[in-house]
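Heads up, the sequence shown is in our numbering, so the first residue is 92 and it goes up one at a time. Cβ coordinates follow ideal geometry from the N, Cα and C atoms, glycine included.
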Amino acid sequence: MTGRLDGKVAVVVGGGQSAGATIGNGRAACITFAREGATVLVADRVLESAESTVKMIHDEGGTAAAIEVDVTATADVEGLAARVRSDYGRVDVLHNNVGIISTGATDEIDLDFWNRMFAINLDGIWQVIKHLGPIMREQGSGSIINISSLASFLAGPENVGYATSKAALNSMSRSFAKEYAKHHVRVNVIAPGAVETPIGVDQLVERTGLSREKVMEMRDSTVPLGKQGSAFDVAKAAVFLASDDAAWITGIILPVDGGATLSIIPT
């Protein structure tokens with residue numbers, strides 16, 4: 092690695108791991124940030140999962156710590172901000188990787204689940220930025236990266252809730268980019284496409300009953316470059332946006348999708 096994040100403090104919200112045979116975007120981001128020299132605070136709703144990520148980083152000689160945070164609980168997010176101030180005194184990279192998905196027709200989803208999806212996918216990230224953003228504003232620098240989805244602008248069947256929440260995240264992120272620019276804090280979005288993650292593959296195997304091989308084949312076939320990406324492809328894009336190499340980039344939505352957005356006609 093090139094040490095592009097040497098001396099930086101990175102907070103990754105959703106840095107644990109969903110159950111599955113593959114590595115997720117949050118954990119991959121934590122590991123990659125640490126490999127690039129950052130001190131990483133791994134925040135996750137499941138503390139044991141965050142601690143597992145920390146152990147992986149420690150095993151490679153990196154520096155990391157874990158904290159339990161539910162982004163829907165204001166007290167937890169306030170505690171995260173307090174921990175950052177007390178233990179690190181700054182935050183250079185804030186990487187938000189929380190989200191749940193919905194499947195099924197609209198009339199199959201009840202209002203409670205719809206509200207919970209928005210509470211996590213949108214409101215939770217707003218709350219994290221609300222409480223950690225002031226630290227970045229005070230120091231006059233920082234990079235905020237929000238993980239969205241290709242679904243935010245590429246419509247799919249029976250996916251209204253997830254797509255809508257991620258589209259709202261895109262818009263919110265651009266608004267934050269405008270608000271924070273005068274403080275030299277950058278806000279960008281990564282929109283992953285078909286990536287081999289627990290949510291992307293393992294949960295689809297469980298829902299459909301298809302073999303893992305068949306699911307992989309189906310997902311690979313949707314990618315112009317011929318195969319799904321890995322969570323580390325997304326993490327490498329995040330490193331760029333987090334680093335000083337992207338110092339003049341803010342407010343973008345970056346697809347990391349193997350060319351899937353090539354099917355969208357420009358307007």
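Which residues does DSSP pair with residue i in a beta bridge?
{"i": "His186", "result": "Val103, Ile236"}
{"i": "Glu159", "result": "Asp135"}
{"i": "Thr299", "result": "In DSSP, Thr299 forms no bridge with anything."}
{"i": "Arg277", "result": "Ser234"}
{"i": "Ala338", "result": "None, per the DSSP bridge assignment."}
{"i": "Val347", "result": "Pro283"}
{"i": "Thr130", "result": "Val100, Thr154"}
{"i": "Gly320", "result": "Val286"}
So, is residue i buried or exposed, given that buried needs 16 or more other C-beta atoms within 10 angstroms?
{"i": "Gly190", "result": "buried"}
{"i": "Leu153", "result": "It should be noted that the sequence gives Gly, not Leu, for residue 153. The residue is buried, with at least 16 neighbouring Cβ atoms inside 10 Å."}
{"i": "Val160", "result": "buried"}
{"i": "Ser193", "result": "buried"}
{"i": "Leu353", "result": "exposed"}
{"i": "Thr165", "result": "exposed"}
{"i": "Asn206", "result": "exposed"}
{"i": "Gln162", "result": "The residue asked about is misnamed: residue 162 is Val in this sequence, not Gln. So Val162 counts as buried."}
{"i": "Val137", "result": "exposed"}
{"i": "Asp135", "result": "buried"}
Taking the alpha-carbon positions, what's the residue i to residue j distance?
{"i": "Ser312", "j": "Val133", "result": "34 Å"}
{"i": "Met147", "j": "Val131", "result": "12 Å"}
{"i": "Tyr271", "j": "Asn261", "result": "15 Å"}
{"i": "Trp339", "j": "Glu297", "result": "42 Å"}
On the premise that residue j lies in contact with residue i, defined as a C-beta separation below 8 Å, what is that separation, rounded to the nearest angstrom?
{"i": "Gly284", "j": "Ala351", "result": "4 Å"}
{"i": "Gln218", "j": "Val168", "result": "5 Å"}
{"i": "Lys257", "j": "Ser243", "result": "4 Å"}
Pick out whichever of the options has its Cα sitting closest to the Cα of residue i.
{"i": "Asp150", "options": "Asp214, Gly342, Ile122", "result": "Ile122"}
{"i": "Gly252", "options": "Gly320, Val330, Ser177, Ile200", "result": "Ile200"}
{"i": "Ala282", "options": "Arg298, Gly94, Ala254", "result": "Ala254"}
{"i": "Phe323", "options": "Gly111, Gly170, Gly98, Arg126", "result": "Arg126"}
{"i": "Thr341", "options": "Asn237, Ala157, Ser256, Ala242", "result": "Asn237"}
{"i": "Val100", "options": "Ile226, Ser109, Asn212", "result": "Ile226"}
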